[in-house]
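J.: I have a structure here, written as structure tokens, and I will follow up with some questions on it.
Numbering (my numbering), first residue to last: 4 to 253.
Below, the structure written as structure tokens:
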């Protein structure tokens, strides 16, 4: 049995990896933990490990995990285009049924205004800073070749790579976990957990209005960002894509 911790910001595809690994390894999922719980949750994490559960943290970096969680485990990080993440997070908070989203976002007169409110929140800047930390510490799936030992603790991927070649990304993560799983099984689990099979809808073809789960679409932000937001976010977005492209060429 391998103990797995997934770390990410919200709305980047971590639940997708969670389900894929659950079905591949015969494990159990569990609800997300927040970084603020880290100083007090080592026993909780160990209990989830003992139940053969995958542990998932939002808003935590790999160093946060390593400084607070004991024992043997592997860390998997995932990042996403900052503009798409902001848009998806807005809809998650604006329409989620529990009603626990930010009221100012729920009360916005339009979805475009709600995205603008989210865009201006200082919290979004902190979330993106953590995304970049995940991209510069440890190594990526693109760099995980034979020279890297399966004894390493941390690997990261991105939503773009997962969409582009899900099989390649998951196969690399499985290798990082020190496991040998037949390609046929990996492909079967990927098919089972495709957006269409899980939801009955084709990505991008679902009803997009009033939908708190906005799945499977890159550049979803284009309908909601105005030119000022595009300009203001250009530097950080260009840096994100630059790092992704750099990883592709190494």
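Beta carbons are placed, not taken as given, at the ideal position from N, Cα and C, and that holds for glycine.
1. Measuring CA to CA, which of 174, 55, 46 is closest to residue 33?
2. Could you say which of 129, 37, 8, 97 lies nearest to residue 80 if we only look at CA atoms?
3. In terms of residue numbering, what span does the beta strand (DSSP E) encompassing residue 61 cover?
4. Verify whether the separation of the beta carbon atoms of residue 167 and residue 250 is less than 8 Å.
5. Do residue 68 and residue 78 count as a contact pair if the criterion is CB distance below 8 Å?
6. To the nearest angstrom, report how far apart residue 52 and residue 113 are at their CA atoms.
7. In the DSSP assignment, find the unbroken alpha helix (DSSP H) run with residue 127 in it and report its ends.
8. How would you write the range of the alpha helix (DSSP H) that residue 160 sits in, first residue to last?
9. Using a Cβ distance threshold of 8 Å, determine whether the stretch 177-189 contacts the stretch 25-40, with at least three qualifying pairs required.
10. Roughly how many angstroms lie between the CA atoms of residue 170 and residue 190, to the nearest whole one?
11. Roughly how far, in whole angstroms, is the beta-carbon of residue 14 from the beta-carbon of residue 92, given that I think they are within contact range, below 8 Å?
12. In whole angstroms, give me the CA-to-CA distance for residue 122 and residue 197.
13. Given this structure, state the Cα-to-Cα distance separating residue 37 from residue 63, to the nearest angstrom.
14. Would you call residue 233 buried or exposed, if buried means 16 or more other Cβ atoms sit within 10 Å of its Cβ?
15. Which residues in the same chain as residue 140 place their Cβ atom closer than 6 Å to its Cβ, once the five residues preceding and following it in sequence are excluded?
16. Using a 10 Å radius around the Cβ and a threshold of 16 neighbouring Cβ atoms, would you call residue 164 buried or exposed?
17. Name the DSSP beta bridge partners of residue 23, please?
18. When we look at the beta-carbon of residue 245 and count the other beta-carbons within 10 Å, is it buried (16 or more) or exposed?
19. List the DSSP bridge partners of residue 82.
20. With 16 as the cutoff for other CB atoms within 10 Å, does residue 4 come out buried or exposed?
21. To the nearest angstrom, how far is the alpha carbon of residue 225 from that of residue 136?
22. In the DSSP output, which residue or residues are listed as bridge partners for residue 37?
23. If you follow the beta strand (DSSP E) that residue 11 is part of, which residue opens it and which one closes it?
24. Of all the options 120, 229, 95, 71, which has the alpha carbon lying nearest to the alpha carbon of residue 39?
25. Classify residue 199 as helix, strand or coil using the three-state DSSP reduction.
26. Residue 227 by DSSP, collapsed to three states: which one?
T.: On the basis of the coordinates in this document:
1. 55
2. 8
3. 58-61
4. no
5. yes
6. 43 Å
7. 125-139
8. Counting along the chain, residue 160 falls outside any alpha helix (DSSP H), though it belongs to the beta strand (DSSP E) covering 157-161.
9. yes
10. 7 Å
11. 5 Å
12. 29 Å
13. 7 Å
14. exposed
15. 65
16. buried
17. Per DSSP, none; premise fails for residue 23.
18. exposed
19. 161
20. exposed
21. 26 Å
22. 61
23. 7-11
24. 71
25. helix
26. coil
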